[in-house]
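Novice:
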Amino acid sequence: ADFYKGLFAGRFRATTQPVNMVKGESCRLYVRGLILGYKRARTNQTCHTSLIKLENVNDKSAADFYKGKKLCYVYKAKTKKKGTTYRTSWGKVTRVHGTSGVVRAKFKNNLPPSSMGGKIRCMLYPSTI
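Numbering (this note's numbering), first residue to last: 4 to 132.
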């Protein structure tokens with residue numbers, strides 16, 4: 004679990020104090036995460052399953068909450084489509100991977116290798132509570 008703390012060290016701004024919300028100000032409705040890579044063994048790689056490390060999720064019981072939640076990988080493309088250069092790839096959390104809070108995910112289209120180490124958004128829906 005201590006190994007993963009270093010992954011988030013320089014990537015995200017730490018918020019330790021509660022933030023006072025101003026009327027009309029946007030708030031984040033997703034949990035940030037990192038794409039670790041594909042599920043793999045020593046010799047074989049399973050490209051249709053990705054491993055995701057979510058921020059502040061450090062054990063198996065905390066990761067169980069995210070089963071079935073939608074994931075969104077946002078990336079930038081060169082050409083404009085539908086008025087924007089940003090595109091998304093959607094998937095969902097399928098199960099927990101190990102005991103350190105990593106989850107497995109499947110996407111509509113497999114994540115590209117260039118996404119490894121990149122940021123991902125875990126939406127807090129569909130809700131089960």
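Every residue gets a Cβ at the ideal spot worked out from N, C-alpha and C, and that includes glycine.
1. Is Arg90 near Tyr33, with beta carbons less than 9 Å apart?
2. In the DSSP assignment, find the unbroken alpha helix (DSSP H) run with Ser64 in it and report its ends.
3. Do Leu74 and Met126 have their beta-carbon atoms positioned less than 9 Å apart in this structure?
4. Can you list, in chain order, the residues of its chain with a C-beta nearer than 7 Å to that of His51? Leave out the 5 residues immediately preceding and following it.
5. In terms of residue numbering, what span does the beta strand (DSSP E) encompassing Arg90 cover?
6. Quick check: what's the CA-CA separation for Lys42 versus Lys26?
7. Please give me, in chain order, every unbroken run of the alpha helix (DSSP H) with length at least 4 that falls completely inside the stretch 100-129.
Specialist: Taking the coordinates as given:
1. Position 87 of the sequence shown, counted from the start, is the residue given in the question as residue 90. Position 30 of the sequence shown, counted from the start, is the residue given in the question as residue 33. Taking 9 Å as the Cβ cut-off, Arg90 and Tyr33 do not qualify as a contacting pair.
2. Here residue 64 refers to the residue found at position 61 when the sequence shown is read from its first residue. Per DSSP, Ser64 belongs to the alpha helix (DSSP H) from 63-67.
3. Here the question's residue 126 lines up with position 123 in the sequence shown. Here the question's residue 74 lines up with position 71 in the sequence shown. In contact: Met126 and Leu74 (Cβ atoms closer than 9 Å).
4. Working through the sequence shown from its first residue, we reach residue 51 at position 48. Lys109, Asn113, listed in sequence order.
5. Taking the first residue of the sequence shown as 1, we reach residue 90 at position 87. Arg90 -> beta strand (DSSP E) spans 87-100.
6. Along the sequence shown, one-based indexing puts residue 42 at 39. Along the sequence shown, one-based indexing puts residue 26 at 23. Those two C-alpha atoms are separated by around 43 Å.
7. As far as the stretch 100-129 is concerned, it has no whole alpha helix (DSSP H) run of at least 4 residues.
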